[in-house]
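For the record, the sequence lines run as chains A and B. Using the numbering used here, read the first sequence as starting at 103 and increasing by one per residue. Using the numbering used here, read the second sequence as starting at 28 and increasing by one per residue.
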Amino acid sequence: QVQLVESGGGVVQPGGSLRLSCAASRFNFSDYAMHWVRQAPGKGLEWVAFIGYNGNNKYYVDSVKGRFTISRDNSKNTLYLQMNSVRPEDTAVYYCAQDGYSGRWYGPWGQGTLVTVSS
Amino acid sequence: AIWVTQSPSLLSASTGDRVTISCRVSQGISSYLAWYQQKPGKAPELLIYAASTLQGGVPSRFSGSGSGTVFTLTISYLQSEDFATYYCQQYFSFPHTFGGGTKVEIK
């Protein structure tokens, strides 16, 4: 069974930086595109970023463009989200999710990691 | 970006009921729509993709229909484990966008 485990969340001050990781196991990570999706406390889901299986294609939601960077290390079976210049509205649980097919739906998700942006 | 609107936002129902959730998008997306179920404190789980294709392991009481701009998720016979929040998501183009969610609660 696919396993995705996020880490790196915590409390960060506005304007600060944080790097989230998503460790993948029990599937061939380098064959799959991946996504980050977030959920603010008590709110709905928001797609954040996509990366192709080899890291060549990347897409972002407008609100994080120029601040967040998605990347992956296929040799380590790990997905990353570098978050810079964070804002209070970035406070959310961040989930990584395996791409279902060619950048479309999302298959298995991790359990999420909470990022709180507060002074 | 493509807007996605779900209705209702809250649905009160009883075990055994047939329930329907609607999802409308701001432009035609063919069948590029998925449905997810989320229980409190848990990650979402994929139910349906391509508007009507059931993900493996999902009970057959769940079904999806629609194309273009109007879509529906139907639970034919509500079970206790189905009380949760449901989200639709369009993947016709980036940025992917979700509906606001429909919470199905016990009446």
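All C-beta atoms in this analysis are idealised placements derived from N, C-alpha and C, irrespective of residue type, glycine included.
- Neighbours of Leu147(A) in chain B, taken as residues whose beta carbon is under 7 Å from its own, are Pro71, Tyr114 and Phe125 in chain order.
- In this structure, the beta-carbon distance from Ser36(B) to Lys130(B) falls below 9 Å.
- Along the segment 37–65 of chain B, the beta strand (DSSP E) occurs as fully enclosed runs of 3 or more residues at 37–40, 46–52 and 60–65, listed in sequence order.
- Counted as a single uninterrupted DSSP element, the beta strand (DSSP E) harbouring Asp175(A) occupies residues Phe170 to Asp175.
- Against chain B, a Cβ distance below 8 Å from Asp192(A) picks out nothing, because the smallest value is about 16 Å.
- Secondary structure at Phe89(B): strand, using DSSP grouped into helix, strand and coil.
- Taking 9 Å as the threshold, the shortest C-beta distance from Arg174(A) to chain B does not fall below it.
- At a cut-off of 9 Å between beta carbons, Phe89(B) makes no contact with chain A.
- The C-alpha of Asn159(A) lies about 12 Å from the C-alpha of Tyr134(A).
- Cβ contact annotation for Gly209(A) (same chain, cutoff 6 Å, sequence separation greater than five): Gln200 and Gly202, in chain order.
- The beta carbon of Ala111(B) sits no closer than 9 Å to any beta carbon of chain A.
- Here Arg206(A) is not near Val188(A), since their CB atoms are 9 Å or more apart.
- In this structure, the beta-carbon distance from Gly126(B) to Tyr114(B) falls below 9 Å.
- For Pro122(B), the neighbours in chain A by C-beta distance under 8 Å run, in chain order, Trp149, Tyr161, Tyr162, Val163 and Asp164.
- A contact is defined here as three or more CB-CB pairs under 8 Å, and the segment 104–112 of chain B meets this definition with respect to the segment 34–50 of chain B.
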